[in-house]
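Novice:
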Amino acid sequence: MAGLRTIIALAFVLAIGFLLVILSCALYYNWWPLLVGKVIKKRLATYVLAPLPNALCSRCAGQDDLMSEYNSGVVDAGHFITGMFIVTGFCLPFVLAHAEVITIPAMIMSICGGILVYGTIITYTHFFADQSDDY
Amino acid sequence: MDAFDNNNSIFICGKFQCCGTKGRQFGVYFAGMLFALGWWMFVDGLSFSSILPDRKAYAGFEDWAPGIVTTLGMFIVSLIDKEALRGSTFDEGIPWRARLFLFMGFAMMAGGFAGSVSVLVVKYIMHDLEPIDSYVGICAVVQCGLIMLSTAVLWISQDVNENQLGI
């Protein structure tokens, strides 16, 4: 069960993750102003978009089959797109670092922040799903 | 009659059925990850080759084409209803047409892979370029391989659950 303490801890972890991502751009702001500014927009968009396909597709699939079959392709499409988003979040800083747009420390900070934010989202969804199963 | 009529998968390693819906979920996630990884690999190759100080080969449309063809083949293969292949429907013509489209999809995937290899050989290796100059070609081959692997993982993970439901 997700206690109050868990939610507060998750909020702290989420804040630290976002702090890392923003710092990875802000600390090197003097060197690559425009490109890193673009990076943060894309990365935040990736985080916000990541849990969306699962939610949308499970809602769409739930309306159709009353037999509670899992055999729906819509749910699979949601999982597929979620997997693509997760890899995109990790590959984007790596590609940018390989092309020498951002530096290696910025890449490491960005990926660490990404792991923290994704972990928070996944843990929160897990607790939330467990709660809704009981009722 | 042929391999589609019995209940086995076309892949040899389709025997494992220990993991139910969780395994299917994980397989589909993994397939999506492999697909995105393939395309990011290609983007990495393009961006890395474009910042080389003295590059001798310029990436054009011929580098993009194998990945696009392989992706189209993957869409065709993934969109086919697996039940239509087994011939369990009433219409006699449906399994035949489904198998034709399946053949087209696999042919496009294999053709894309072969095209990426041929681009690597003809455009990069035969001109005696440095390995760092032919990085785009290597990335295109890896991309096509990863997309094919993603298709295989998707097929297997969708087949596992179907076999379980059929029992």
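Chains as they are written, first to last, in my numbering: chain A, 599 to 733; chain B, 310 to 476.
We put the CB at the ideal spot given by N, CA and C, even for glycine.
In terms of residue numbering, what span does the alpha helix (DSSP H) encompassing M418(B) cover?
Specialist: As a first step, residue 418(B) must be located in the second sequence, where it is residue number 109. It spans G402 to V428 - the alpha helix (DSSP H) in which M418(B) sits, taken as one unbroken run.
Novice: Does the Cβ of Y444(B) have 16 or more other Cβ atoms within 10 Å, making it buried, or fewer, making it exposed?
Specialist: Counting from one through the second sequence, the residue named residue 444(B) turns up at place 135. Buried.
Novice: Comparing the C-beta of I702(A) with each C-beta of chain B, is any distance below 8 Å?
Specialist: The residue you call residue 702(A) lines up with position 104 of the first sequence. Answer no: the Cβ-Cβ gap between I702(A) and chain B never drops below 8 Å.
Novice: Can you name the start and end residues of the alpha helix (DSSP H) that L618(A) belongs to?
Specialist: Here the question's residue 618(A) lines up with position 20 in the first sequence. L602 to A624 is the extent of the alpha helix (DSSP H) around L618(A).
Novice: So L409(B) contacts chain A; which residues on that side make the cut at Cβ distance below 8 Å?
Specialist: For this step, residue 409(B) is matched to residue 100 along the second sequence. Near L409(B) there are no residues of chain A at all, since even the closest Cβ is about 21 Å away, more than 8 Å.
Novice: Quick one: grab the DSSP three-state call for A368(B).
Specialist: Residue 368(B) sits at position 59 when you count from the first residue of the second sequence. Coil, per DSSP.
Novice: Report the rounded CA-to-CA distance for I605(A) versus S425(B), giving the unit in angstroms.
Specialist: Along the first sequence, one-based indexing puts residue 605(A) at 7. Along the second sequence, one-based indexing puts residue 425(B) at 116. Each residue's alpha carbon lies about 49 Å from the other.
Novice: Does chain A have any CB closer than 8 Å to the CB of A461(B)?
Specialist: Stepping through the second sequence from its first residue, residue 461(B) is reached at position 152. No, its Cβ sits nowhere closer than 8 Å to a Cβ of chain A.
Novice: Rounded to whole angstroms, what is the Cα-Cα separation between L381(B) and M417(B)?
Specialist: The residue you call residue 381(B) lines up with position 72 of the second sequence. The residue you call residue 417(B) lines up with position 108 of the second sequence. L381(B) and M417(B): Cα-Cα distance of roughly 7 Å.
Novice: Could you pull out every residue in the same chain whose Cβ sits closer than 7 Å to the Cβ of A368(B), ignoring the five residues on either side in sequence?
Specialist: Locating residue 368(B) in the second sequence gives position 59, where the first residue counts as 1. Correct list, in chain order: L355, S358 and V445.
Novice: Are Y716(A) and G687(A) touching if we call contact CB-CB under 8 Å?
Specialist: Taking the first residue of the first sequence as position 1, residue 716(A) is located at position 118. Taking the first residue of the first sequence as position 1, residue 687(A) is located at position 89. Yes, the pair counts as a contact, with Cβ atoms nearer than the cut-off.
Novice: Roughly how many angstroms lie between the CA atoms of F692(A) and M705(A), to the nearest whole one?
Specialist: Against the first sequence, residue 692(A) aligns to sequence position 94. Against the first sequence, residue 705(A) aligns to sequence position 107. Rounded to whole angstroms, F692(A) to M705(A) spans 6 Å at the Cα level.
Novice: Please report how far the alpha carbon of I338(B) lies from the alpha carbon of I720(A), in whole angstroms.
Specialist: Position 29 of the second sequence, counted from the first residue, corresponds to residue 338(B). Position 122 of the first sequence, counted from the first residue, corresponds to residue 720(A). Contrary to the premise, residue 338(B) reads as Tyr rather than Ile in this sequence. Answer to the nearest angstrom: the Cα atoms are 14 Å apart.
Novice: Please confirm whether S466(B) and A340(B) have their CB atoms less than 8 Å apart.
Specialist: For the purposes of this step, residue 466(B) is identified with residue 157 of the second sequence, where counting begins at 1. For the purposes of this step, residue 340(B) is identified with residue 31 of the second sequence, where counting begins at 1. A contact, by the Cβ cut-off of 8 Å.
Novice: Going by other Cβ atoms of all chains shown within 10 Å of its Cβ, with 16 needed for buried, is V430(B) buried or exposed?
Specialist: For the purposes of this step, residue 430(B) is taken as residue 121 along the second sequence, with counting starting at 1. Exposed, by the Cβ-count rule.
Novice: Nearest-angstrom Cα distance between P651(A) and G671(A)?
Specialist: Residue mapping note: residue 651(A) aligns to position 53 of the first sequence, counting from 1. Residue mapping note: residue 671(A) aligns to position 73 of the first sequence, counting from 1. The alpha-carbon atoms of P651(A) and G671(A) are separated by roughly 13 Å.
Novice: Shorter than 8 Å from the beta carbon of W349(B) to some beta carbon of chain A?
Specialist: If you number the second sequence from 1, residue 349(B) lands on position 40. It does; some Cβ of chain A falls within 8 Å.
Novice: Would you verify that the beta carbon of M705(A) is, or is not, closer than 8 Å to some beta carbon of chain B?
Specialist: For this step, residue 705(A) is matched to residue 107 along the first sequence. Not an interface residue.
Novice: Taking a Cβ distance cut-off of 7 Å, strictly less, list which residues of the stretch 677-688 of chain A are near chain B, in chain order.
Specialist: Residues H677, F678, I679, T680, G681, M682, I684, V685 and T686.
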